[in-house]
Amino acid sequence: MSKLRHVNTRLGIIIFTAAAFIQPMAGLAQTQPEKPQKIVMNDSGGATQAANKKTFYDAFEQKYGIKVQTTSPVDLGKLRAMVQAGNIEWTVTEIAGPDAVLAERSGLLEPLDLSVIDLSKFPEHLRNRKYVFPKSAYSTIIGYRSDVFKDGKGPQNWKDFWDVKKFPGPRTMQNSPIENLEFALLADGVEPDKLYPLDVDRAFKKMNEIKPHIAAWWTTGAQSAQLLVDQEAVIGTAWNGRYYSLVKEGAPIAMVWNQGAIKESAFGIPKGAKDAYWGQRLLALVADAKLQGAYANIIGYPGLNLEATQYTDPKIVPYLPTSPENLPKQFWVNLEWWSDNRAAIQERWARWLLE
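For the sequence shown, this note's numbering begins at 144 and goes up steadily by one.
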């Protein structure tokens, strides 16, 4: 497998052009149904769920008097089984990475009611979403121990990450081909705007070079940054919010935004959800700039409402992937490309780890 099928369109490339005028989707206006006692929100749990509750879920409960019951984890297979059986347990669900593309293509989601959900302040390419709600953005970036590499003299890009002579010490990376193959190609000299379609053979060849220096392949967000805190690694990758939560507690970790991989976290309403009317109204609150600012203040992940930074603590803005300073340094992960090619590459990745 060399260059796999290229998909020109993608979920994540921010293009700032003339403002778009949103037309409400025809046929979605509904008469208010009877209020249920609760709706069910399925998300990824942990710190993200706690931040969601303190902002979006609590605001929904206060506004409508309807309890938001949370469940986790996020599971595309379970979503598909629910929809196919016509037995929908969730009102709204988080959808991770390429699964958002698959969920939409597979007809597993209700259309968004854009007469209720205001996306007019979101990036241009997100304003006319039909099924997938663009909830927030997060990045996988380089982090290093600032007490090992002092005065900002740690690795500044993926070429440096691969340079074990100039920057010695054990590394950690996620146990996933997604993003790691992009990082390998960047380390090998590919320009960020030339990454897709990925040259998979070239990427795995480059991964062979760094593999002996990976002390641990992390599988959870909590594990990723903690490996640096515990000094099992001196350089690694993690989601920006995981680094931020430790940095604000005083951990000696430096965050490197250059060549970071930025992605969109999404929500969707399962097809046939009985309380979809109220799910639309929850998403409307999730789109609110003030609530998104409060969310970023808690967890370090920004919403995609471009006005949210006005309501974000200025001390936190430098730690957000969408800040004016950080965003241009990064590339958007092409989730549609990964949706098309993930299965085959995941199998190859599993074999490669055992080699």
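Beta carbons: idealized from backbone N, C-alpha and C, even for Gly.
Close beta carbons around residue i, own chain, < 6 Å, minus the five adjacent residues each side
{"i": "proline 335", "result": "Phe474"}
{"i": "isoleucine 353", "result": "Trp305"}
{"i": "glutamate 253", "result": "Ile412, Lys414, Ala419"}
{"i": "alanine 169", "result": "At alanine 169 the pLDDT is 39, less than 50, meaning the model places this residue with poor confidence and gives no usable figure here."}
{"i": "alanine 368", "result": "Ala381, Arg385, Tyr386, Leu389"}
{"i": "methionine 184", "result": "Val211, Thr213, Val235"}
{"i": "leucine 219", "result": "Asp242"}
CB of residue i within 7 Å of CB of residue j, strictly
{"i": "valine 211", "j": "isoleucine 238", "result": "no"}
{"i": "tyrosine 454", "j": "glycine 443", "result": "no"}
{"i": "leucine 449", "j": "isoleucine 260", "result": "no"}
{"i": "alanine 416", "j": "isoleucine 284", "result": "no"}
{"i": "valine 307", "j": "valine 377", "result": "no"}
{"i": "leucine 434", "j": "threonine 198", "result": "yes"}
{"i": "lysine 406", "j": "valine 476", "result": "yes"}
{"i": "valine 226", "j": "leucine 251", "result": "yes"}
{"i": "valine 275", "j": "alanine 409", "result": "yes"}
{"i": "proline 313", "j": "alanine 358", "result": "yes"}
7 Å Cβ shell around residue i - same chain, five flanking residues per side excluded
{"i": "aspartate 186", "result": "Gln192, Asn195, Thr213, Ser215, Val217, Glu237"}
{"i": "valine 460", "result": "Thr452, Ser466"}
{"i": "lysine 337", "result": "none"}
{"i": "alanine 346", "result": "Leu324, Ala327, Leu328"}
Exposure label - residue i; buried when at least 16 CB within 10 Å
{"i": "alanine 404", "result": "buried"}
{"i": "proline 298", "result": "buried"}
{"i": "arginine 485", "result": "buried"}
{"i": "proline 471", "result": "exposed"}
{"i": "glutamate 490", "result": "exposed"}
{"i": "lysine 309", "result": "exposed"}
{"i": "leucine 324", "result": "buried"}
{"i": "glutamate 468", "result": "exposed"}
{"i": "leucine 262", "result": "buried"}
{"i": "proline 176", "result": "exposed"}
{"i": "aspartate 344", "result": "exposed"}
{"i": "asparagine 351", "result": "exposed"}
{"i": "alanine 224", "result": "exposed"}
{"i": "alanine 439", "result": "buried"}
{"i": "threonine 152", "result": "Note that threonine 152 scores a pLDDT of 38, beneath 50, so its modelled location is shaky; the value from the coordinates is reported in the next line. Its Cβ having fewer than 16 others within 10 Å, threonine 152 is exposed."}
Cα-Cα separation between residue i and residue j, rounded to whole angstroms
{"i": "threonine 362", "j": "tryptophan 421", "result": "34 Å"}
{"i": "alanine 202", "j": "aspartate 456", "result": "20 Å"}
{"i": "proline 167", "j": "tyrosine 281", "result": "Residue placement at proline 167 cannot be trusted, given a pLDDT of 39 that sits under 50; what the coordinates show is reported in the next sentence. Each residue's Cα considered, the two are about 28 Å apart."}
{"i": "glutamine 402", "j": "glycine 286", "result": "12 Å"}
{"i": "tryptophan 481", "j": "glutamate 247", "result": "14 Å"}
{"i": "proline 277", "j": "phenylalanine 265", "result": "9 Å"}
{"i": "lysine 221", "j": "tyrosine 387", "result": "32 Å"}
{"i": "leucine 463", "j": "tryptophan 233", "result": "30 Å"}
{"i": "lysine 349", "j": "glutamine 317", "result": "16 Å"}
{"i": "alanine 432", "j": "glycine 446", "result": "8 Å"}
{"i": "lysine 293", "j": "lysine 458", "result": "22 Å"}
{"i": "lysine 296", "j": "aspartate 342", "result": "31 Å"}
{"i": "leucine 120", "j": "leucine 478", "result": "Limits of the chain in this structure are 144 at one end and 498 at the other, which puts residue 120 out of reach."}
{"i": "leucine 154", "j": "proline 241", "result": "Note on leucine 154: pLDDT 37, under 50, position unreliable in the model; the coordinate value appears next. Distance between the alpha carbons of leucine 154 and proline 241: 9 Å."}
{"i": "methionine 398", "j": "asparagine 300", "result": "11 Å"}
{"i": "isoleucine 321", "j": "serine 249", "result": "21 Å"}
{"i": "glutamine 331", "j": "arginine 272", "result": "As written in the sequence, residue 331 is aspartate, which differs from the glutamine given in the question. Rounded to whole angstroms, aspartate 331 to arginine 272 spans 35 Å at the Cα level."}
{"i": "glutamate 392", "j": "tyrosine 200", "result": "26 Å"}
{"i": "asparagine 383", "j": "glutamine 180", "result": "36 Å"}
{"i": "serine 279", "j": "alanine 228", "result": "30 Å"}
{"i": "alanine 500", "j": "alanine 487", "result": "What is shown of the chain runs 144 to 498, which leaves residue 500 out entirely."}
{"i": "alanine 430", "j": "threonine 174", "result": "22 Å"}
Residues near residue i by beta carbon distance below 8 Å, same chain, minus five either side
{"i": "lysine 178", "result": "Tyr207, Gly208, Ile209, Trp421"}
{"i": "glutamine 512", "result": "For residue 512 there is no data in the structure shown, the boundaries of the chain being 144 and 498."}
{"i": "tryptophan 360", "result": "Thr315, Met316, Gln317, Asn318, Leu496"}
{"i": "isoleucine 396", "result": "Gly286, Tyr287, Arg288, Ser289, Ala368, Leu371, Val372, Tyr386, Leu389, Val390"}
{"i": "leucine 428", "result": "Phe199, Ala202, Phe203, Lys206, Leu434"}
Segments of 4+ residues assigned as alpha helix (DSSP H) that fall wholly inside the region 217 to 274: 219 to 228, 242 to 248
At 3 residues or longer, what runs of the beta strand (DSSP E) sit wholly inside the region 353 to 414? Runs found: 357 to 361, 378 to 382, 396 to 411.
Sequence ranges, beta strand (DSSP E) only - wholly within the region 283 to 344, length at least 3: 314 to 317
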